[in-house]
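In full-length UniProt numbering, the protein residues as written are 1 to 111. Glycine included, each C-beta is placed from N, C-alpha and C at the ideal position. A short write-up of the structure that comes next.
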């Protein structure tokens, strides 16, 4: 006698749909944890890789980035001066010093 499926159980389509729905929920939860985007922002349409056009999370324009870079440089310079560090000068040219000493020795011998 052939086996007959239990008529009270869920159909294959229903089982597949349930599995797909739970998979979708699980994927959304893991993305939320991974990307650290708040639920409110996700509801507004925020997605990983897309930056808002305004507010603190907005992309900084190239002009603003240059200005910030300058300001950071000045702040670093002020901090170094406050700590008493000197600004780096060019390294002494060792070859020129050796040549100068050699010429000085030759001048002494000639006299």
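| Item | Value |
| --- | --- |
| Close-in-space but distant-in-sequence residues of the same chain around residue 1 (CB under 7 Å, 5 per side omitted) | With a pLDDT of only 49 at residue 1, under 50, the local geometry of the prediction cannot be trusted, and the value read off the model is given with reservation. The answer is none, since no qualifying residue turns up. |
| C-alpha gap between residue 81 and residue 39, whole angstroms | 46 Å |
| Coil, strand or helix - residue 42 by DSSP | helix |
| Simplified DSSP assignment, three categories, for residue 8 | coil |
| Residue 35 and residue 52 closer than 8 Å at C-beta | no |
| Coarse secondary structure for residue 50, derived from DSSP in three states | coil |
| CB of residue 37 within 8 Å of CB of residue 46, strictly | yes |
| Cα-Cα separation between residue 76 and residue 97, rounded to whole angstroms | 33 Å |
| Alpha-carbon spacing of residue 29 relative to residue 50, whole angstroms | 19 Å |
| Residue 99 versus residue 56: straight-line alpha-carbon distance, rounded | 59 Å |
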